[in-house]
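Q: Got a structure for you, questions after.
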Amino acid sequence: MAQVRQFIRSQEPPFRQMQFVPTRLRGHPRNGISVEILMLDFLGHTEQEDDMPDSVYKVIELVGTSSDSWEKAAANAVEQAAKSLRDLRVAEVIKLDMQLDENGKVEAYRAKLSVSFKFEGS
């Protein structure tokens, strides 16, 4: 346990500042050998989060298109949004689809995104 704590203290933030709960798991003996595993259950909380002021984020949906790929379609949506919005934070792909011509060939790849940005109220 001391070695684990020493390892965590040697790491860069925020890993070093994570709280953890030691958990021991005991396996059933096989061939007379008992197995004990030490796990660290990270709580996902850092001291830095305590210092952060409360913020509000607005979430919008965008659809990007590309004739090449879904990846480029998503990137196009984010790049276009970045031209008029500040402090973009997270983009999550919600849906991928394709626009087809009358013969069933792909005309465009489309990516529907949920994008969040920091809301600055008046």
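Numbering (my numbering), first residue to last: 114 to 235. Ideal Cβ placement from N, Cα and C applies to all residues, glycine included.
Kindly indicate which three-state DSSP category Ala204 falls into: helix, strand or coil?
A: In the three-state reduction of the DSSP assignment, Ala204 falls in the strand class.
Q: Would you kindly work out how many angstroms separate the C-alpha atoms of Asp200 and Val206, rounded to a whole number?
A: 18 angstroms
Q: What is the DSSP secondary structure of Glu215, reduced to helix, strand or coil?
A: coil
Q: Assuming contact is defined by CB atoms lying nearer than 9 angstroms, are Ser179 and Ala188 in contact in what I supplied?
A: yes
Q: What does Leu198 pair with, by DSSP beta-bridge criteria?
A: According to DSSP, Leu198 bridges with nothing at all.
Q: May I have the straight-line CA-CA distance separating Val219 from Asp167, to the nearest angstrom?
A: 45 angstroms
Q: Closer than 8 angstroms by C-beta to Ala195: which residues in its own chain qualify, once you throw out the five before and the five after it? Chain order, please.
A: Leu201
Q: Along the chain, where does the beta strand (DSSP E) that runs through Gly177 open and close?
A: Tyr170 to Ser179
Q: My assumption, with CB atoms under 8 angstroms, is that Ala224 sits in contact with Gln212. Please give the rounded CB distance.
A: 12 angstroms between Cβ atoms; not a contact.
Q: May I ask you to report which of helix, strand or coil DSSP gives Glu220?
A: strand
Q: Based on the DSSP output, what are the partners of Asp210 in its beta bridges?
A: In DSSP, Asp210 forms a bridge with Arg223.
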